[in-house]
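Engineer: Listed in order, the protein sequences are those of chains A and B.
This note's numbering puts the first residue of the first sequence at 4, with every later residue one more than the last.
This note's numbering puts the first residue of the second sequence at 4, with every later residue one more than the last.
Glycine included, every Cβ here is placed at the ideal spot set by N, Cα and C.
Starting off with a structure, shown below.
2 protein chains.
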Amino acid sequence: MPEIRCNPVTDQWVVIAAERAKRPQDFRVPREERKYTACPFCGGHEEETPPEIWAYRTKGTDKNTPGWWVRTVPNKFPALRIEGMLNERSEGVYQAISGIGAHEVIIETPRHQIEFQEHPVEQVEEIIRMWRDRSLDLRRDHRFKYIQIFKNHGLEGGASIEHTHCQIIATPRVPKSVEEEINQGMARHQEETGRCIFCDMVEEERKSGQRLVVESDHFLAFCPWASRFPFEIWIIPRRHQDDFVGISDNEIKSLAWVFRECIQRLTNILDDPPYNMVLHTAPVNSESHPGYHWHIEILPRLTKLAGFEFGTNYYINPTPPEMAAKALREGHQPVVRPH
Amino acid sequence: MPEIRCNPVTDQWVVIAAERAKRPQDFRVPREERKYTACPFCGGHEEETPPEIWAYRTKGTDKNTPGWWVRTVPNKFPALRIEGMLNERSEGVYQAISGIGAHEVIIETPRHQIEFQEHPVEQVEEIIRMWRDRSLDLRRDHRFKYIQIFKNHGLEGGASIEHTHCQIIATPRVPKSVEEEINQGMARHQEETGRCIFCDMVEEERKSGQRLVVESDHFLAFCPWASRFPFEIWIIPRRHQDDFVGISDNEIKSLAWVFRECIQRLTNILDDPPYNMVLHTAPVNSESHPGYHWHIEILPRLTKLAGFEFGTNYYINPTPPEMAAKALREGHQPVVRPH
Chain A
4 MPEIRCNPVT
14 DQWVVIAAER
24 AKRPQDFRVP
34 REERKYTACP
44 FCGGHEEETP
54 PEIWAYRTKG
64 TDKNTPGWWV
74 RTVPNKFPAL
84 RIEGMLNERS
94 EGVYQAISGI
104 GAHEVIIETP
114 RHQIEFQEHP
124 VEQVEEIIRM
134 WRDRSLDLRR
144 DHRFKYIQIF
154 KNHGLEGGAS
164 IEHTHCQIIA
174 TPRVPKSVEE
184 EINQGMARHQ
194 EETGRCIFCD
204 MVEEERKSGQ
214 RLVVESDHFL
224 AFCPWASRFP
234 FEIWIIPRRH
244 QDDFVGISDN
254 EIKSLAWVFR
264 ECIQRLTNIL
274 DDPPYNMVLH
284 TAPVNSESHP
294 GYHWHIEILP
304 RLTKLAGFEF
314 GTNYYINPTP
324 PEMAAKALRE
334 GHQPVVRPH
Chain B
4 MPEIRCNPVT
14 DQWVVIAAER
24 AKRPQDFRVP
34 REERKYTACP
44 FCGGHEEETP
54 PEIWAYRTKG
64 TDKNTPGWWV
74 RTVPNKFPAL
84 RIEGMLNERS
94 EGVYQAISGI
104 GAHEVIIETP
114 RHQIEFQEHP
124 VEQVEEIIRM
134 WRDRSLDLRR
144 DHRFKYIQIF
154 KNHGLEGGAS
164 IEHTHCQIIA
174 TPRVPKSVEE
184 EINQGMARHQ
194 EETGRCIFCD
204 MVEEERKSGQ
214 RLVVESDHFL
224 AFCPWASRFP
234 FEIWIIPRRH
244 QDDFVGISDN
254 EIKSLAWVFR
264 ECIQRLTNIL
274 DDPPYNMVLH
284 TAPVNSESHP
294 GYHWHIEILP
304 RLTKLAGFEF
314 GTNYYINPTP
324 PEMAAKALRE
334 GHQPVVRPH
């Protein structure tokens, strides 16, 4: 019998179609052939990107030259633009605002042939540090109300460039989906229990263990109860914290290991699946949201969204999260890391 | 300068990235090769599907034999199941209900080689009649609160079977997205103006004309202001009506022509793009929603949803709806049909 599960944060329903349960080997995603040819993100090609915004580089090397290990540049085809005024206009019953925002690319390494899961863990730490640095800098522009950090991998994941990278988009309004997280499930749970729903999820998942993937001193990775996608993973910090930029250096180490571990395991059991990574965090430059609990969502893109999903916003997931978590643990005993 | 537009019904924001505007010829979707080999949906293969629920067939022909022109059967791999009790269960902080519902397939023709846009208009009328018949029958089961009629076309549209068909899924709860349409944009507009937002959109689109695709006596087809997808089309009945099943026979004729016209034009200018069709209508077996205004959304699937969309629920659309509508009108002057 299929089951319809409710995401306690967003109130979104997911049909867990256990009867046609799909194990890792049931997904045949054609492995994308990689070209491994030098591209504008490669070391030595710095002048092929828009001018560097920020980079971690060897002392004495110049901007827009080699010597960097993580580098942020403006997106060459930005979805939103930093220049201009934030104007509103209406047309009959309709409304619009000008497309003010920022759209940046974080190039994770100068080496084209490296995949995310092949980074040394210290390199992943540097990438996370760059997320923090850029988020701190972007919020100095008070027009920006939300800073979305994300990563697309593979063609089905929407990546048009294969050289491993993340992206940041700053938006002039708080997205409705973030407002809903805050005002619906989180607010209701707070009201009913006096506690944070994410803190309670961390406790629940550690106790039950059946959806656990890996854990470290500071982070828990598990397949969420109402996973929209097969092998979906959430990474939640154990310490309650609304804003990602409050992450400590110790926590960065811990997150880098857990994050890489999750992608390594997905890559191992699903043969390099396409995926999206999305960082959910509190809005900026608006009222504070101390009840928010930042977290990361990893969304493998093995199924297609179609008419039913667009009509109802119910998702259909053929892989129960308990089965997904078991596969992600197998061959890798759940590991507790010392930092 | 890109523009962020607000959907007045759902409050969803869409980035219209006009600067990298994509015209029809800029989308290169690899045309899917069709096999044209007989399948379980073909005439003469009736015993390869689960037993027939309802069919329009020549008098004197038996169920599950040839002689039909539109045929409804249960989905062989249903997302939700009709058998069983609607139970709730909770597990720690989480909740679920049993996956009760119905999942049916409407086979649009016994002929495998016909595409939707090649149907005679009378055949499309029969398909719409079947939607109405099945919706009326399914709502007799009071466990069902919403009846989602949809169509997936092409691999990117999530269609796993090429023989042209629609689907119906009945769900045991009103989807949150439908509740939001009703309680947010529609309610706000009603409160502020005393009018229906869809009725006002019909007026606005007829007056402005710049997003219009085609119109008939009873229906208007246009590219919506906050189109999420390139070449997205909404078909709205001019007469205010909450529930699709109230459609008259005259209106069915009018809708059949407009619907086929839209798909023909999409096929012509985009070379058979993948798409989803979604029918939005009022919930059933619950309080009445006289303010609802049923309509159809056609969603061509030429762009990928990725991290930004999943993080913020903002969509990025590289084709302004005004440009899309112009292309859809070109070569076909906007036509007013007599019925």
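Mapping the DSSP letters down to three states, classify A/Ser291 as helix, strand or coil.
Structural biologist: A/Ser291: coil per DSSP, three-state reduction.
Engineer: Do A/Ser230 and A/Val76 count as a contact pair if the criterion is CB distance below 8 Å?
Structural biologist: Cβ atoms of A/Val76 and A/Ser230: not closer than 8 Å.
Engineer: Which runs of the beta strand (DSSP E), 3 residues or longer, sit entirely within the segment 112–156 of chain A?
Structural biologist: Runs of the beta strand (DSSP E) inside the segment 112–156 of chain A: 149–156.
Engineer: Where does A/Glu300 fall in DSSP's three states?
Structural biologist: Reduced to three states, the DSSP call for A/Glu300 is strand.
Engineer: Select from the segment 296–325 of chain B all residues with a C-beta closer than 7 Å to any C-beta belonging to chain A, and list them in chain order.
Structural biologist: From the segment 296–325 of chain B, only Leu302, Lys307, Leu308, Ala309, Gly310, Phe311, Phe313, Gly314, Thr315, Asn316, Tyr317 and Ile319 have a Cβ closer than 7 Å to chain A.
Engineer: Please state whether DSSP places A/His192 in a helix, a strand or coil.
Structural biologist: DSSP places A/His192 in helix when its eight states are reduced to three.
Engineer: Have a look at A/Val261 and A/Asn288 and give me their C-alpha separation to the nearest angstrom.
Structural biologist: Distance between the alpha carbons of A/Val261 and A/Asn288: 30 Å.
Engineer: Residues of chain A with CB under 8 Å from B/Arg8, in chain order?
Structural biologist: What B/Arg8 touches in chain A: Tyr97, Gln98 and Ala99.
Engineer: Can a CB atom of chain B be found closer than 8 Å to the CB of A/Pro341?
Structural biologist: Note that A/Pro341 scores a pLDDT of 43, beneath 50, so its modelled location is shaky and nothing firm can be said.
Engineer: Against B/Ser180, what residues of chain A qualify as contacts under a CB-to-CB distance less than 7 Å, listed in chain order?
Structural biologist: The answer, in chain order, is Thr315 and Asn316.
Engineer: Taking contact to mean 3 or more Cβ pairs, one atom from each stretch, closer than 8 Å, check whether the segment 252–259 of chain B and the segment 221–235 of chain B are in contact.
Structural biologist: Yes: the two stretches touch, three or more of their Cβ pairs being nearer than 8 Å.
Engineer: Measure the Cβ-Cβ separation of A/Ala328 and A/Cys265 and say whether it is below 8 Å.
Structural biologist: No, these two residues do not count as a Cβ contact at 8 Å.
Engineer: CB-CB under 8 Å to A/Pro33, same chain, minus the five flanking residues each way: which ones, in chain order?
Structural biologist: Cβ within range, chain order: n/a, list empty.
Engineer: Within 8 Å (strictly less), CB to CB, does A/Pro11 reach chain B?
Structural biologist: So yes, A/Pro11 belongs to the interface.
Engineer: Going by beta-carbon coordinates alone, are B/Arg137 and B/Glu107 separated by less than 8 Å?
Structural biologist: Yes; because the gap between Cβ atoms is below 8 Å, this pair is in contact.
Engineer: Whole angstroms are fine: how far does the CA of B/Phe80 sit from the CA of A/Glu218?
Structural biologist: Approximately 36 Å, taken between the alpha carbons.
Engineer: Show which residues of chain B have a CB atom less than 7 Å away from the CB atom of A/Phe153.
Structural biologist: Ordered by position in chain B, the residues that pass the 7 Å Cβ test against A/Phe153 are Gly310, Phe311 and Gly314.
Engineer: Buried or exposed for A/Gln151, going by 16 or more other Cβ atoms inside 10 Å?
Structural biologist: Classification of A/Gln151: buried, given that the 10 Å Cβ count is 16 or more.
Engineer: Evaluate A/Ala41 with the Cβ neighbour count: other Cβ atoms within 10 Å of its Cβ, from every protein chain shown; 16 or more gives buried, anything less gives exposed.
Structural biologist: A/Ala41 comes out exposed.
Engineer: With burial defined as no fewer than 16 other Cβ atoms inside 10 Å of the residue's Cβ, what is the status of A/Asn186: buried or exposed?
Structural biologist: It counts as exposed.
Engineer: B/Ser230 CB to nearest chain A CB: under 8 Å?
Structural biologist: For B/Ser230, the answer is no, since every Cβ of chain A falls outside 8 Å of its Cβ.
Engineer: For A/Ser211, would you say it is in contact with chain B, using Cβ-to-Cβ distances shorter than 8 Å as the test?
Structural biologist: Chain B, which has a Cβ nearer than 8 Å to the Cβ of A/Ser211, makes this yes.
Engineer: Could you tell me which residues DSSP puts in a beta bridge with B/Ala105?
Structural biologist: Answer is B/Ala173.
Engineer: For the alpha helix (DSSP H) containing B/Asn271, name the first residue and the last one.
Structural biologist: From DSSP, the alpha helix (DSSP H) with B/Asn271 extends over Asp252 to Leu273.
Engineer: Could you check the C-alpha separation between B/Pro323 and B/Ala24 for me, to the nearest Å?
Structural biologist: B/Pro323 and B/Ala24: Cα-Cα distance of roughly 7 Å.
Engineer: To the nearest angstrom, how far is the alpha carbon of B/Asn155 from that of B/Val12?
Structural biologist: If I take the Cα positions, the gap works out to 23 Å.
Engineer: Output, in chain order, the set of chain B residues within a Cβ distance shorter than 7 Å of A/Ile172.
Structural biologist: Result: Phe311.
Engineer: Please tell me whether, using a cut-off of 7 Å, the distance from the CB of A/Pro276 to the nearest non-hydrogen atom of the ligand FMN is below it.
Structural biologist: No copy of the ligand FMN appears in this structure; indeed no ligand is present at all.
Engineer: Which residue wins for smallest C-alpha separation from B/Tyr278, given the options B/Pro286, B/Glu333, B/Asp65 and B/Ile236?
Structural biologist: Closest option to B/Tyr278, Cα to Cα, is B/Ile236.
Engineer: Using a Cβ-Cβ distance cut-off of 8 Å, determine whether A/Glu333 contacts chain B.
Structural biologist: Output row for A/Glu333: interface = no.
Engineer: Rounding to the nearest angstrom, what Cα-Cα distance links B/Val96 and A/Glu206 in this structure?
Structural biologist: Distance between the alpha carbons of B/Val96 and A/Glu206 is about 10 Å.
Engineer: Looking at the C-beta of A/Gln15, does it have a partner C-beta in chain B at a distance below 8 Å?
Structural biologist: A/Gln15 counts as touching chain B.
Engineer: Please identify, using Cβ separations under 8 Å, the residues of the segment 270–290 of chain A that lie next to chain B, in order along the chain.
Structural biologist: Per Cβ criterion, the list reads Asn279, Met280, Val281, Leu282 and His283.
Engineer: Can you pull the chain A residues whose beta carbon is under 9 Å from the beta carbon of B/Met133, in chain order?
Structural biologist: Result: empty, since nearest Cβ-Cβ is about 16 Å, beyond 9 Å.
Engineer: Less than 7 Å between C-beta atoms, sequence neighbours within five positions excluded: which residues of the same chain meet that for A/Glu195?
Structural biologist: Counting only Cβ-Cβ distances below 7 Å, and skipping sequence neighbours, we find nothing.
Engineer: Please list the partners that A/Met4 has in chain B, where partner means a Cβ-to-Cβ separation under 9 Å.
Structural biologist: Per Cβ cutoff of 9 Å: Arg84, Glu86, Gly87, Ser101, Gly102 and Ile103.
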